[in-house]
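Only one structure is covered here, and it is reproduced in the block below.
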């Protein structure tokens, strides 16, 4: 089918679009390239995290070039009966040849293109026959036929090496998570479909959503429109968009849940601890909003707002992040004199960070600049079933000690920070118990008032 999607409908990935424009140009003017002896790439592999827009980009290529677009999912080829998948591959390529120039798009390529001989099942299972047929077809058709295979996957690491070699997938294009400029462009595209109020500043929403993919941002705009419609508003305002972000990150508000006064006090001090440590230590994302209204599984949460997109993180910044995560538990111990189960999610994150510091980032003085990360490649039965550990028992003991030391140091630092700012801790927790929600401006004023003259 002919596609109506064009590159105008795709935002936030300019470099990827530039790479794909060459293919569009070749499909439109093949003689320009053939005159110099250039050949059309046979295959283009789009890889990136789920929701970054790989399928949309493939549709846009077909729409721009104005050629037929044949689409199939990798899982459609794998059947119970051996040979069905291979015959479907042949059929798909035959149909494309009759309509050339054309684009064949295979979504979720890892379903059929996984490395052969990985796991149980010998060399003759259905998936492997399908993959072999695909390899033959990719080699079989001539470049002048004008057929391009575009594959999309979020697991390029598990694909068979024979599939990735030049001559099959000649181009491998990463579709990244958008940066702040890209997020603003994506939000602008999706906001065209909804009525926005004059105060709905999309630049603020772009700043609030680091790490969000295109699909996440589309969902935020849609959720905001639904929330505004529920309230019978004429347009979508900034409050609706912010509420949609919180709903996506932590789940819907659970106002019906009744919390006792003693529990409310614990949650208030817990969240005040996170907020105060984040505001006090350098290099932390400042707190944007704190609430003790339950959302999803959380009884309360602290929303931090990054000032800019970051691609590198220093050891000091990670340590301070650990202090922020442990600030809730430390505040409970200081103010309530008892620890609760409220910090279980924080503790899981802290442990994960500390493990990465020691095992992957080389940020432990005792271990040094070594990467002791476990091999996560697929196990091949027989060869790898007795896979040796990556390091000795002695090193494992030192790793455990270092992880424990890093977490304990962060906890003591968080505790010292809160003890030194006890007045501010009490003020923030008190205001939370009264109002349930406080924003960044109010946090700053409470901290300023609590400082000794």
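In this note's numbering, the protein residues as written are 4 to 456.
Glycine residues also receive a C-beta, built at the ideal position from the N, C-alpha and C atoms.
Keep in mind that this is a model prediction, so the values were computed, not measured.
- Query: Which residues in the same chain have their Cβ closer than 7 Å to the Cβ of residue 253, if we skip the five residues on either side of it in sequence?
  - Reply: 298, 299, 301, 304
- What is the C-beta distance between residue 339 and residue 414, in whole angstroms, given that I count them as a contact (C-beta under 8 Å)? About 16 Å separates the two Cβ atoms, so there is no contact after all.
- Can you give the beta carbon distance from residue 393 to residue 421, rounded, assuming they're within the 8 Å contact cut? Contact flag wrong, Cβ pair sits at about 38 Å.
- Query: Using the C-alpha atoms, what's the distance from residue 222 back to residue 89?
  - Reply: 37 Å
- Per-residue burial, residue 118 [other beta carbons within 10 Å of its own, 16 or more giving buried]: buried
- Any 3 or more C-beta pairs closer than 8 Å across the stretch 13–25 and the stretch 170–180: yes
- Query: From which residue to which residue does the beta strand (DSSP E) around residue 154 run?
  - Reply: 150–156
- Message: Going by the DSSP bridge assignment, what does residue 424 pair with across the sheet?
- Response: None, per the DSSP bridge assignment.
- Item | Span separating the alpha-carbon of residue 125 from that of residue 135 | Its pLDDT being 49, under 50, residue 125 is placed unreliably by the model, and the measurement read from it follows with that caveat. About 14 Å.
- Task: Whole angstroms is fine: what's the gap from residue 171's alpha carbon to residue 411's?
- Result: Per the coordinates, the alpha-carbon of residue 171 lies some 52 Å from the alpha-carbon of residue 411.
- Query: Helix, strand or coil for residue 292 per DSSP?
  - Reply: strand
- Task: Answer yes if the stretch 269–286 comes into contact with the stretch 215–233, meaning at least three C-beta pairs across the two stretches below 8 Å, and no otherwise.
- Result: no
- Query: Three-state secondary structure (DSSP) at residue 180?
  - Reply: coil
- Item | Enclosing beta strand (DSSP E) for residue 72 [first to last residue] | 72–76
- Query: Which residues share a DSSP beta bridge with residue 105?
  - Reply: 150
- Query: Using 8 Å as the threshold, is the stretch 190–204 in touch with the stretch 317–326, meaning 3 or more CB pairs across them?
  - Reply: The answer is no - the stretch 317–326 does not touch the stretch 190–204, with fewer than three Cβ pairs under 8 Å.
- Which residues in the same chain have their Cβ closer than 6 Å to the Cβ of residue 74, if we skip the five residues on either side of it in sequence? 108
- Task: Return the Cβ separation of residue 418 and residue 337 in integer angstroms, given the expectation that the two are a contact with Cβ distance under 8 Å.
- Result: 7 Å
- Rounded to a whole number of angstroms, what is the C-alpha to C-alpha distance between residue 110 and residue 155? 5 Å
- Message: Please state whether the Cβ-Cβ distance between residue 278 and residue 290 is less than 8 Å.
- Response: yes
- If you count every other CB in all the chains shown that lies within 10 Å of the CB of residue 44, and 16 or more means buried, which is it? Counting other Cβ atoms within 10 Å of its Cβ, residue 44 reaches 16 or more and is therefore classed as buried.
- Message: If we define contact as Cβ-Cβ less than 8 Å, is residue 203 a contact residue for chain B?
- Response: The chain inventory of the structure shown lacks chain B, comprising one protein chain alone.
- If you follow the beta strand (DSSP E) that residue 339 is part of, which residue opens it and which one closes it? Per DSSP, residue 339 belongs to no beta strand (DSSP E) and is neither H nor E.
- Query: Excluding the five sequence neighbours on either side, which residues of its own chain have a C-beta within less than 7 Å of the C-beta of residue 386, listed in chain order?
  - Reply: With a pLDDT of 48 at residue 386, under the threshold of 50, the modelled position of that residue is not reliable, and the figure given next carries that caveat. Nothing meets the Cβ criterion.
- Hey, out of 450, 47, 95, whose CA is closest to residue 432's CA? When only C-alpha atoms are compared, the closest one is 450.
- From the DSSP output, in three-state form, read off residue 318 for me. helix
- Item | Best match in 199, 116, 137, 332 for proximity to residue 94 [C-alpha to C-alpha] | For the residues 199, 116, 137, 332, the minimum Cα distance to residue 94 belongs to 137.
- Spatial neighbours of residue 158 within its chain, please: CB distance less than 6 Å, with the 5 preceding and 5 following residues excluded, ordered by chain position. Cβ-Cβ distances below 6 Å link residue 158 to 113 in the same chain, with the five nearest sequence neighbours on each side left out; the list follows chain order.
- Task: Compute the distance between the beta-carbons of residue 115 and residue 56, then report whether it is under 8 Å.
- Result: no
- DSSP state of residue 244 mapped onto helix, strand, coil: Residue 244 falls in the helix class under three-state DSSP.
- Query: Looking at residue 63 and residue 10, is the spacing between their C-beta atoms short of 8 Å?
  - Reply: Yes, the Cβ-Cβ distance between residue 10 and residue 63 is below 8 Å.
- Query: Looking only at DSSP bridge pairs, what is residue 440 linked to?
  - Reply: 294
- From the DSSP output, which residues share a beta bridge with residue 174? The partner list for residue 174 (beta bridge, DSSP) reads 47.
- Straight-line Cα distance separating residue 292 from residue 311: 17 Å
- Alpha carbon of residue 213 to alpha carbon of residue 351, nearest angstrom: 22 Å
- Message: Excluding the 5 residues flanking residue 281 on each side, which residues of the same chain have their C-beta closer than 8 Å to its C-beta?
- Response: Correct list, in chain order: 287, 288, 289, 290, 305, 307, 327, 330.
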